[in-house]
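Written below as structure tokens is the structure these notes are about.
There are 4 protein chains.
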Amino acid sequence: MAHEIDLKNYSVRTDMVVDTFDAEVENKGITHTSVNIGDILVEDVVVTKNGEKICGKKPGVYKTITFKDITDKDNYKKVEEVVINNLKNVLKSSGIKDRDTCLIIGLGNPKSTPDSLGPKAIDNVLVTRYLYDLGEVEEGYRNTASFIPNVTGVTGIETKDLINGIVKTVKPDFLIVIDALASSSIERVNKTIQITDAGILPGSGVGNSREALNKDTYKIPVIAIGVPTIVDALTICYDTFNYMKKKFSYNIDNVDSSKLKFVDSMHQNYLDTDRELTKEEEEKILGMVGTLDDEDFKSLLLEVLSPIDYNLMVTPKEIDFVIDKLGLLIGNSINKVLHNGYNPTN
Amino acid sequence: MAHEIDLKNYSVRTDMVVDTFDAEVENKGITHTSVNIGDILVEDVVVTKNGEKICGKKPGVYKTITFKDITDKDNYKKVEEVVINNLKNVLKSSGIKDRDTCLIIGLGNPKSTPDSLGPKAIDNVLVTRYLYDLGEVEEGYRNTASFIPNVTGVTGIETKDLINGIVKTVKPDFLIVIDALASSSIERVNKTIQITDAGILPGSGVGNSREALNKDTYKIPVIAIGVPTIVDALTICYDTFNYMKKKFSYNIDNVDSSKLKFVDSMHQNYLDTDRELTKEEEEKILGMVGTLDDEDFKSLLLEVLSPIDYNLMVTPKEIDFVIDKLGLLIGNSINKVLHNGYNPTN
Amino acid sequence: MAHEIDLKNYSVRTDMVVDTFDAEVENKGITHTSVNIGDILVEDVVVTKNGEKICGKKPGVYKTITFKDITDKDNYKKVEEVVINNLKNVLKSSGIKDRDTCLIIGLGNPKSTPDSLGPKAIDNVLVTRYLYDLGEVEEGYRNTASFIPNVTGVTGIETKDLINGIVKTVKPDFLIVIDALASSSIERVNKTIQITDAGILPGSGVGNSREALNKDTYKIPVIAIGVPTIVDALTICYDTFNYMKKKFSYNIDNVDSSKLKFVDSMHQNYLDTDRELTKEEEEKILGMVGTLDDEDFKSLLLEVLSPIDYNLMVTPKEIDFVIDKLGLLIGNSINKVLHNGYNPTN
Amino acid sequence: MAHEIDLKNYSVRTDMVVDTFDAEVENKGITHTSVNIGDILVEDVVVTKNGEKICGKKPGVYKTITFKDITDKDNYKKVEEVVINNLKNVLKSSGIKDRDTCLIIGLGNPKSTPDSLGPKAIDNVLVTRYLYDLGEVEEGYRNTASFIPNVTGVTGIETKDLINGIVKTVKPDFLIVIDALASSSIERVNKTIQITDAGILPGSGVGNSREALNKDTYKIPVIAIGVPTIVDALTICYDTFNYMKKKFSYNIDNVDSSKLKFVDSMHQNYLDTDRELTKEEEEKILGMVGTLDDEDFKSLLLEVLSPIDYNLMVTPKEIDFVIDKLGLLIGNSINKVLHNGYNPTN
């Protein structure tokens, strides 16, 4: 059946580099390390020039911070601390100095909630450039400016062109660019922050890839901060299908040994199992579809959802509250990293 | 494997009565008719007292209007006309008279975009009650008032209690209640308006069913207008799995006869086929899972998604723009139905 | 000329009781004391039953807190502390106990910035009533609920009726009502918070006085918190005219003695002078109008502005930023006073 | 007394050129004509190079449209028609051709209601530039783009610099710039639209004059559309004082002849009188202050209000509703003038 599936020209839409990593590519130009800080996971993926050919992502450091509910106040503070440390780290490794001037850009549409992360973060960002012009800046504050380019459908102008114009005007030493991303998995949506020195493709999260915003374009460091806020139906189904395999594998393992019926099949944490379904089990339980490799299965899902226009890009229903918190966290983290003297009491 | 699946106590969350209808229940207290107006589909489901026992939905008339993109101006006008006609019809069949006073209630959280349909509609609703008190109302305008109870998490007060208090104060002859609903299928999200005289369960769309708002509670007619704006991951996967069966069925039908490879598997409208997979095909293609009946398959999905907390309720990423249009359409439709004299030039 | 002026039926629109106080009325049922806390002034006016006849304001304690720029972070904290202490005080003197339940009501129109103080404060208020119903409340949290009745033009329902309905439903032990007020002087606008146990006239700030919300109406304590956010042209002119007299008085005093020209007439703080213009000076400098008493001069201004519809109610152009801070301050103060256990870390 | 008043360095803040016109300057480089269309007044002031020296305003055509309540639907439509005709006229006289490309700029702070006219208008403006790039534009639509530079306090970047960057990027054939202005009289606030080909001083409305946006700066036509939305206390007092003179003049005229007391001093339209107070009357009624010329009286008011920081810039309390309507009207008018093919049905 697989031969009927057209594989060409489709790659699942994602900006999450960490999910393009695969054990096989290790030592071929991509390295991956990870550390847990409480229940926050920080993953570092480094893509070299060589690695770019394999994963199709720009060379650079990609830090991926994965956390639980950000609307919880205690958790918020812990995540903020981790974001601050990792952002500091990326600035340092990019050779950015204490007095370098920064332009912070918030991509996305301020009037579309799941796409408003960039503008929301900018609302919380401290700017000092005009005070520098007036000679009124205290010690501990860097020269910063901010810009919200909005989206092309609203301004009529390509985002890239707009940013070019502003960069030429402001002449910053480096850029920080914030954007909402498309997720490569259910569990990352609104629960991951990616920080990278490799720049960004504006609008790639919503499927209209355009020219890149990165060091090659501007000849200055471009730090990108992104959060996946949307996911497509295909990814939801793909993930669920794989969880289903895991669940069956866990069931087989546990039922066979105990011969007992599950007391509470709604709460057992089946993801812990190391067991994988065998080829035979896959075929028995899920048929030919169950034996497809990842690429083929994704292509199948695309062929199912695409002709009837149901490959929706969706966002969780709590998006309004989560995006406010994320914008606050990212804005505050930028302030604390860029300005030593910044110490909000409120 | 199916015997391991716990079926009890789960029903997919939906307020869309039309999707609980099933050919088998016809003539057992539930009737279903439908008509196309251009590319707008209007379905009428009538549930009798007897029917209530079968489908678990309150007796009454449920009109379900399904349409394409509401952000298109021409389409918007066509849908509005259909909504107006159907709402008029429901008012008439409920015995509501021209001079009966109306309280219009917008349920949901104004600050949560996918849940803000009710409040948005209320923003567009014309109120005249205070003008009646002043004796300043022109011919052609009914006595109307509106209320946004917000949600319990914001007010601390049960929505039902709040509405009780207001109904006792305003003493309307009938209620119109507007709310965002949970969808029972991908294709209905933001593309269906349900109008019913059977009332509503406030908050049922977000899984916190509470006491009903209906004629039994208030002793006056309660007309409910709802749009499904959210859908859960389970429903997305369930629908996709069924589309997949249809797709394979179509493929078998067409490939076998023609022996030709598909030119464009991304655009073929495979839903037209009448062919269903045979049991053998289901098992071959999708294994044991492919042979599960609907109930069992939904229970399986729930067992997969629930323990790992991934049965997200989601909304399409364009929700901000769609909800504005839906709120405008519903508000305007109510104005035109309630007030003969209403004729906005802008 | 004064005989031509019609004095009847006009009183300058204000809800600021402190400005109706006058040295002459002391000991006739109205007492006034004041204290400075840093540069914050706290005035206490106590109106007895007897005093009501004189000033036309309901008997009770009126605490008036006057401060400088609330958008300054340090100042904000100082003002909040003073508001908390005074609100505690009023609750105590009203006999409200630690476990008494409270309904907090935010009057005004959420969509009209200068009238949105009540709704903004409510946005920051913590509600627990539904948690009490669930038995999930920690020690240190009182039973609280909140309500935004919006304005009659939006709901079609009299604010008073709406509140009556809710009070009957919620049955609180006492009410806190927050509203934007009309100011009796330029300098109070957005810079004064009035706290009283005497209740409030909803909408009096915008000139549509309605029935009172107070202890007489509900048989429970009604604490009102108000900030003057608007002022009319008449008051601006009246104040300016009186400042002008003060300025001339200061000038005469200083020029006469020194015979020197003023170096910087734009920055001299002329309000410090104790000198008043003599009747002769008033007539020489400002003519017959200069000799009018307060009542007559206000009536004159009204006769000038009213027929040509220029007695505008206005608000400072910074209103958006100030109202956000005021709403936050009042909401937080209420939380800290009502809940011992409330201690926001963010 | 007048000798004590420092006159230098103050000019009342206004961007309303029509109010700097004075009968004396006629034939010295400034001409003034006016026409009534229903109850809408359209004034044309033409300032020549010579005129610039007299009134301090840039040479060009200034069209000033004065109207009544814009929140009335019928009136709205009439005003829109007049604005469209006058804007067309200014474009034509500026030599702008049908296919010339346009960049529309909305100055001001989107988050400060009285300063948000520009951003609100932009929200209603149709942009086509990106469709031109795609070759997807129907006949009848000009190439347009829009930009909201926000304010320097938010971006850290001088508005002028930001616009320079965008103009260089977009390379339009002409600019339309929209801004909220400071009013030179009570009666103009929110009731006047000024259209000019002389450009604009961004931020002049709020007292921070910066570099001009005009033809000299960009070498392309710059059409400015402004509405006075704020007025300072000084202007309110100055206007009221002059209305007071008018009122007394009317009273003397009418009381003297009739010897009757006024029946309704609150509704008589005293502005109709042609009579002016004599010098003697001015002195008798208003003293020395009554005899000051305009300049001296304004300086006096400034000396009174400035040292105590009470020269507030204020806006009418209905600003939220009015600014929405004005933004809609200006946006729609621009669309209809720029695009022949534009014909909104909704």
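Just so you know, the sequences run in chain order A, B, C and D. Using numbering that gives the first Met the number 0, read the first sequence as starting at 0 and increasing by one per residue. Using numbering that gives the first Met the number 0, read the second sequence as starting at 0 and increasing by one per residue. Using numbering that gives the first Met the number 0, read the third sequence as starting at 0 and increasing by one per residue. Using numbering that gives the first Met the number 0, read the fourth sequence as starting at 0 and increasing by one per residue. Here a beta-carbon is modelled for each residue, glycine too, at the ideal position from N, C-alpha and C. Quick caveat: nothing in here was measured; it's all calculated off a predicted structure.
Under 8 Å between C-beta atoms of residue i and residue j
i	j	result
E282(C)	G286(D)	yes
I162(B)	A232(A)	no
F173(D)	I229(D)	no
I39(C)	V78(C)	yes
V124(A)	V89(A)	no
N310(B)	L299(B)	no
R128(A)	I156(D)	yes
K245(B)	T272(B)	yes
Chain B contact residues for residue i, given Cβ-Cβ distances below 8 Å
i	result
K246(A)	E302 and V303
D160(C)	T168 and V169
Among the options, nearest to residue i - alpha-carbon criterion
i	options	result
V41(C)	G326(C), I83(C) and I162(C)	I83(C)
E51(D)	K91(D), T30(D) and I69(D)	T30(D)
T112(D)	L327(C), G326(C) and P315(C)	P315(C)
N149(D)	D43(D), K57(D), Y131(D) and T158(D)	T158(D)
M183(C)	T239(C), K246(C) and P306(C)	Note on residue identity: the sequence assigns Ser, not Met, to residue 183(C). Among T239(C), K246(C) and P306(C), the Cα nearest to that of S183(C) is on T239(C).
V169(D)	F296(A), T154(A) and K214(A)	T154(A)
I251(A)	E317(A), I333(A) and T277(A)	T277(A)
N213(D)	I175(D), M312(D) and E138(D)	I175(D)
Beta-bridge partners of residue i, as assigned by DSSP
i	result
S115(A)	Its beta-bridge partners do not exist; DSSP assigns none.
C101(B)	T143(B) and F173(B)
H31(C)	V44(C)
G55(C)	According to DSSP, which records beta bridges pairwise, G55(C) is partnered with nothing at all.
I194(C)	K62(C) and I224(C)
P315(A)	V313(B)
A232(D)	Answer is none; A232(D) lacks a bridge partner.
I36(A)	I39(A)
Under 9 Å from the C-beta of residue i: neighbouring residues of chain A
i	result
A179(D)	Neighbours of A179(D) on chain A: none; closest Cβ ~20 Å, over 9 Å.
P118(B)	Under the 9 Å cutoff, chain A gives no residues; its nearest Cβ is about 13 Å from P118(B).
Partners in chain D for residue i, counting only beta-carbon separations shorter than 9 Å
i	result
I95(A)	Here the premise fails: no neighbours, minimum Cβ distance about 18 Å.
E51(C)	Chain D residues near E51(C): none, gap ~28 Å exceeds 9 Å.
Neighbour list for residue i in chain B, Cβ cutoff strictly below 7 Å
i	result
D319(A)	K110, S111 and T112
N163(C)	T168
CB contact below 8 Å: residue i versus chain C
i	result
P315(D)	yes
L40(D)	no
T151(B)	yes
K190(D)	no
L311(D)	yes
Below-8 Å beta-carbon distance, residue i vs any chain D residue
i	result
V288(C)	yes
G105(A)	no
T228(A)	no
Cross-chain neighbours of residue i in chain A, by beta carbon under 7 Å
i	result
N268(B)	P306
Neighbouring residues, chain C, relative to residue i (Cβ below 9 Å)
i	result
I156(B)	L102, V126, R128, Y129, A144, S145, F146, I165, T168 and V169
Residue-chain proximity (residue i, chain A), Cβ-Cβ < 8 Å
i	result
I251(D)	no
A232(B)	yes
L236(B)	Correcting the residue type first, residue 236(B) is Cys in the shown sequence and not Leu. Taking Cβ atoms only, chain A reaches closer than 8 Å to C236(B), which makes this a yes.
I185(B)	yes
Residues that residue i contacts on chain C, provided the C-beta gap is smaller than 7 Å
i	result
K283(D)	G286 and M287
Neighbour list for residue i in chain A, Cβ cutoff strictly below 8 Å
i	result
Y242(B)	V303, L304, I307 and Y309
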